[in-house]
Every structure is written in structure tokens, then in C-alpha cells.
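Peer 1: Below is one structure. I have some questions about it.
Numbering (our numbering), first residue to last: 167 to 335.
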């Protein structure tokens, strides 16, 4: 291989009269020749990105400022007035009977415990994923059983009678 290089160098010497190949004498291209073109491109991109970032920050800041101004506007508070009860007005004979709580059915409790719930998504609109179906609050799950929400780590279901069933998740 070294003989091929020597042959190439000798041919180059004969043609040009130089003792080495042109690429060997030049070494690197001076930075002053190459860099101005790329420096201008680089400067352009840096300036463009800076402007875009400043516009984005200004937009976000102004939208947050508007939201905080709206949320800081307070509604006038109205004091709740509670009725003052005298001892004579709280006699046991005048009390109305309280409505009885709906009866909880054990078969519905067993049904709720058998549900295969794969995901629970609390939030402003709680949802559950059950048997590959997304169920939102207020939707019927099965047999007049409605998903009514999530409260303190429990899923709440309501039947047609208004009885509330809990299932821990």
C-alpha cells in the first residue's frame, strides 16, 4: 500500500512540480474562510430563537396575569342567617319524621364487588374503566346501577331506590 502512495506522490510531483500533494500542504482550511458563512447562519438562528422565546414568555405571562386578575375579583360575601330556635320550638312532638334510608341490597353489593375495574381516574369529571368501557359520573353501569362518583378512596354507586353503595379502590 505504501508503494501506491509513493507512486501517487511521484506522479503528482511530475505534473505540478510540487514535492507533496496539495491537500497535504494546505492542512486545514483557515477558520476565517469557512466560519463567517456559518457564523452568520448561527447568529440568525440564535436571534430568531430568542425572539420566539420572548414572544412565548410574554404571551404566557399576559394570559396568566389575566387569569389571576379574574380570579382575584371577589364576590361580595353574604352572611348566612341561621334561624334562632327557642327551647319551646324544639319539642319532640312537633318534629317531622325523617325519611328512612333506602335499603341496601346484598345482591347489588355482591355485583359491585364482582366488577372488574381496570382504572380509576379522579378529577373534575371522575371516570372509571370497567370491562374496556369508560364510564363517567351519572352513567348507568348495569341493572339501573349508576356510577355516582369518587369520595375518599371509595367508588360510589347508586341504585334506582337511591341507596348508595361503596367500593374501595
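Ideal Cβ placement from N, Cα and C applies to all residues, glycine included.
What's the C-alpha gap between residue 329 and residue 289?
Peer 2: So the alpha carbons of these two residues sit roughly 24 Å apart.
Peer 1: Taking buried to mean at least 16 other C-beta atoms within 10 Å of its own C-beta, is residue 171 buried or exposed?
Peer 2: Residue 171 comes out exposed.
Peer 1: For residue 294, count neighbouring C-beta atoms within 10 Å of its own C-beta (all shown protein chains included) and say buried if the count is 16 or more, exposed if not.
Peer 2: So residue 294 counts as buried.
Peer 1: I'd like to confirm the pairing. Which residues does DSSP put opposite residue 317 in its beta bridges?
Peer 2: DSSP, once it has assigned bridges, lists 320 as partnering residue 317.
Peer 1: Which one of 214, 324 and 315 has the shortest CA to CA distance from residue 309?
Peer 2: Nearest C-alpha to residue 309: 324.
Peer 1: CA-CA distance, residue 313 and residue 226?
Peer 2: Going by the C-alpha atoms only, they are around 38 Å apart.
Peer 1: Distance check for residue 223 and residue 299, CA to CA, integer angstroms please.
Peer 2: C-alpha separation (whole angstroms): 40 Å.
Peer 1: For residue 211 and residue 229, what's the separation of their Cα atoms in angstroms?
Peer 2: Going from the Cα of residue 211 to the Cα of residue 229 covers about 27 Å.
Peer 1: Is the beta carbon of residue 335 closer than 8 Å to that of residue 275?
Peer 2: No.
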